[in-house]
Amino acid sequence: MSSTSLNKKYVITLITVFLTNGSGTAWNADAIYKRLLNQLTENQILLAALSFVSEEVESKLNWSLSQKKFSEMLDILADHAVGNKTLEIIRALKNLGEQNYKVASQNSTITRQYTPLIKEYYPEVDM
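UniProt numbering puts the first residue of the sequence shown at 1, with every later residue one more than the last.
The following block contains the structure:
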């Protein structure tokens, strides 16, 4: 397994557990997830910001609790992101609003603007 695919697997796994199962937050684990999110590298932050296109994350965004946690994650990422593109993506997603995260991957403004990055980081996703 390449370091790129290992990085992606780590980021997606971290995000899916942070987003919860839709029923409730694992309070004992939540602080650990936040600490790990705060330690992501710039490349991992970009992977996380674009994760709304991944099947695992997109399926979680059907639940209101997961939408709220995704918004919280974007705030954490924004505090540590330094790249203009990364910050731009985070702001664009935040501007959609929590209820629209579940359809962000079908939002033509978002996908058209960020297709090159999405294809680079998530080549398995059809755009």
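Backbone N, C-alpha and C define an ideal beta-carbon position, used for all residues, glycine too.
Between which two residues does the alpha helix (DSSP H) containing residue i stretch?
{"i": "Glu120", "result": "108-121"}
{"i": "Thr4", "result": "3-18"}
{"i": "Trp63", "result": "Run containing Trp63: none; DSSP gives neither H nor E here."}
{"i": "Lys85", "result": "84-96"}
{"i": "Ala81", "result": "First-last for Ala81: undefined, no H or E at that position."}
{"i": "Glu42", "result": "42-49"}
Which one of the options has the shortest CA to CA distance from residue i?
{"i": "Lys9", "options": "Gln44, Lys119, Tyr33", "result": "Gln44"}
{"i": "Leu74", "options": "Ile15, Thr25, Trp27", "result": "Ile15"}
{"i": "Tyr122", "options": "Ile89, Leu47, Ala78", "result": "Leu47"}
With a threshold of 16 other CB atoms inside 10 Å of the CB of residue i, please say whether the residue is buried or exposed.
{"i": "Met1", "result": "exposed"}
{"i": "Thr20", "result": "buried"}
{"i": "Lys85", "result": "exposed"}
{"i": "Ala49", "result": "buried"}
{"i": "Leu61", "result": "buried"}
{"i": "Tyr64", "result": "The sequence as given places Ser at residue 64; Tyr does not occur at that position. Flag for Ser64 reads exposed."}
{"i": "Leu37", "result": "buried"}
DSSP three-state label for residue i, please.
{"i": "Ala26", "result": "coil"}
{"i": "Gln99", "result": "helix"}
{"i": "Glu124", "result": "coil"}
{"i": "Asn21", "result": "coil"}
Whole angstroms are fine: how far does the CA of residue j sit from the CA of residue i?
{"i": "Lys68", "j": "Ser3", "result": "30 Å"}
{"i": "Val82", "j": "Ala104", "result": "23 Å"}
{"i": "Lys94", "j": "Asp126", "result": "23 Å"}
{"i": "Glu55", "j": "Lys102", "result": "11 Å"}
{"i": "Val53", "j": "Ser66", "result": "15 Å"}
{"i": "Thr111", "j": "Ala31", "result": "32 Å"}
{"i": "Gln113", "j": "Thr13", "result": "26 Å"}
{"i": "Thr109", "j": "Pro116", "result": "13 Å"}
{"i": "Ala29", "j": "Gln106", "result": "31 Å"}
{"i": "Arg91", "j": "Asn7", "result": "23 Å"}
{"i": "Ser23", "j": "Ile76", "result": "22 Å"}
{"i": "Lys119", "j": "Ser51", "result": "12 Å"}
{"i": "Glu72", "j": "Ser5", "result": "25 Å"}
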